[in-house]
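Below is one structure, written out as structure tokens; comments come after it.
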Amino acid sequence: MTDANDDSGTILVTGGAGYIGAHISHALASSGRRVAVLDDLSTGTADRLPDGVPFVEGDVGDARVVSAVLGDLGVTSVIHIAAKKQVGESVARPLWYYRQNVTAMATLLECCVDAGVDRFLFSSSAATYGMATDGLISEDTPAQPINPYGESKLIGEWLLADVARSAGLSYAALRYFNVAGAATPELGDPGVFNLIPMVFDALTRGEAPRIFGADWPTPDGTCIRDYVHIADLADAHICALDALAAGSGGSGGGAEVNGLVLNVGTGEGSSVQEVIDAIGRVLGRPVGAQVVARRPGDPAALVAKVDRIADVLGWTASRNLDDMVASAWEGWVALHPEAASLAT
Ligand code: UDP
């Protein structure tokens with residue numbers, strides 16, 4: 027297999043100053059790859075970037091900026107992370123989501139084709155599956171997103187597939203399940219939009235965390251998700267890029283990766299109650315939660331089937347829920363030092 031280190035080109039990470047993008051930028055840089063970041067700093071911060079990595083503050087939908095970056099930095103691969111990702115916000119502002127996640131991506135792709143970029147890795151989401159049923163969700167499960175965020179990610183996949191086919195660009199789309207944790211405390215999630223940070227936030231404010239419904243058709247009645255450690259997710263991007271650079275299957279020696287949609291998860295589900303119990307283990311004391319009404323639009327269970335990514339990339343997640351929660355807590359305390367005393 028060709029190693030991506032053999033490629034003399036630069037890997038551009040869009041959104042590389044955000045929670046997920048910064049992890050990927052760090053993982054690439056520390057493995058010796060040449061990385062550059064384009065980020066508009068709308069949610070990211072420049073202090074998250076690895077030292078010495080070229081950084082351009084700008085919008086992926088701005089063709090002049092993107093073309094200059096691609097040309098000046100000799101970009102041969104793009105990892106496209108920059109996007110809006112809050113479901114509720116997407117329902118309230120659908121056109122804004124389409125503009126940010128679809129129109130801007132079309133501009134980025136156009137610039138990539140014009141500049142002769144070879145490879146494109148797209149950050150997609152399990153939100154493309156929508157309410158998709160119980161059991162494990164394979165990439166062949168019909169994508170039926172139920173909100174503008176999920177729709178914008180699915181359209182992004184279609185855009186990419188069509189453009190790649192016509193332009194000879196190799197590509198893959200990674201559908202992230204529930205990303206959590208931190209590779210180092212400084213890279214912790216600054217947002218309070220997902221279960222683990224929301225529980226930490228409630229505890230820090232002296233309140234009981236909320237469980238959105240305990241009457242779901244699951245063993246303990248709370249919703250089940252597939253939580254994947256962000257350090258594992260970052261590794262998956264490196265494997266995918268290497269496999270694209272090699273022009274065929276990755277270290278798993280499986281099928282051709284070009285053109286594939288791949289789930290990124292662990293294949294194991296954890297319930298909301300199990301996550302709260304894991305938080306209790308990390309804090310060294312039980313965490314009492316209050317059960318409130320179901321949240322509209324939540325599926326009961328979303329767990330990835332992960333055979334395809336294991337087969338074509340040779341990648342499987344290696345970190346468990348306790349690793350995620352413990353590292354997320356360290357990241358939370360780095361941002362909220364007043365919370366440190368909650369752990370015994
Ligand atoms: N959840 C919860 N309480 C919270 C936040 C989330 O019970 O304060 C539940 C939510 O209903 C879902 C799971 O935790 O079942 C994961 O939610 P999150 O928003 O993190 O990710 P999603 O799977 O919705 O993308």
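Per this note's numbering, the very first residue in the sequence shown carries number 27; after that it's consecutive. We put the CB at the ideal spot given by N, CA and C, even for glycine. Bear in mind that the values here come from a model prediction, so they are computed numbers and not experimental data.
Per DSSP, the unbroken beta strand (DSSP E) holding Asp-65 starts and ends at 61 to 65.
If you ignore the 5 residues before and after Ala-199, its C-beta comes within less than 6 Å of the C-beta of Phe-148, Ser-150, Glu-183, Val-287, all in its own chain and listed in chain order. The beta carbon of Ala-132 lies closer than 7 Å to those of Leu-185 in the same chain, with the five residues before and after it left out. No heavy atom of ligand 1 is found nearer than 7 Å to the CB of Cys-138. Taking the Cα positions, Val-205 is about 6 Å away from Tyr-253. Annotation for Cys-249 indicates a beta carbon within 7 Å of some heavy atom of ligand 1. Between the alpha carbons of Val-117 and Cys-265 lies a gap of roughly 34 Å. For Ala-43, the number of other beta carbons within 10 angstroms of its own is at least 16, and it is reported as buried. The DSSP-derived three-state label of Phe-203 is coil. Using a C-beta cut-off of 8 Å, the segment 172 to 179 makes no contact with the segment 222 to 235, since fewer than three inter-stretch Cβ pairs fall below that distance. The C-beta separation of Val-308 from Ala-269 comes to about 35 Å, leaving the pair out of contact by the 8 Å criterion. According to DSSP, Asn-289 shares a beta bridge with Arg-201. Excluding five sequence positions before and after Pro-76, the CB atoms of its chain that fall closer than 6 Å to its own CB belong to Ser-51, His-52, Ala-55, given in chain order. By the C-beta density criterion, Leu-121 is exposed, having fewer than 16 other C-beta atoms within 10 angstroms. Ligand 1 has a heavy atom closer than 7 Å to the beta-carbon of Phe-238. The C-alpha of Ser-68 lies about 19 Å from the C-alpha of Asn-220. In this structure, Leu-195 keeps its C-beta atom at 8 Å or more from the C-beta atom of Leu-99. Counting only the Cα atoms, His-263 lies some 32 Å from Phe-238. The segment 335 to 345 makes no contact with the segment 296 to 308, as fewer than three CB pairs between them are under 8 Å. Put simply, of Val-61, Arg-60, Ala-141 the residue whose alpha carbon is nearest the alpha carbon of Leu-96 is Ala-141. Sixteen is the threshold: since fewer than 16 other Cβ atoms of the shown chains lie within 10 Å of the Cβ of Gln-316, the residue is exposed. In the DSSP secondary-structure assignment, Val-91 is not bridged to any residue.
Restricted to the segment 139 to 218, the beta strand (DSSP E) segments that are unbroken, complete and at least 3 residues in length are 145 to 151, 196 to 202, 204 to 206, listed in chain order.
Cβ neighbours of Ile-305 within its own chain (closer than 6 Å, five residues either side excluded): Val-225, Val-313, Val-351. No Cβ-Cβ contact shorter than 8 Å links Val-79 with Ala-130. Close CB contacts of Asn-284 within its chain, under the 6 Å cut and outside five residues either way in sequence, are with Ser-196 (chain order). For Val-225, the uninterrupted alpha helix (DSSP H) run begins and ends at 221 to 230, by DSSP. Looking at Ala-190, Ile-46, Gly-41, Thr-36, the one whose alpha-carbon comes closest to that of Asn-127 is Gly-41.
Here Ser-178 is buried. Its C-beta has 16 or more other C-beta atoms within 10 Å.
When secondary structure is reduced to three states using DSSP, Thr-129 falls in the helix class. Considering only Glu-356, Ala-240, Asp-333, the residue with the shortest C-alpha distance to Ala-327 is Ala-240.
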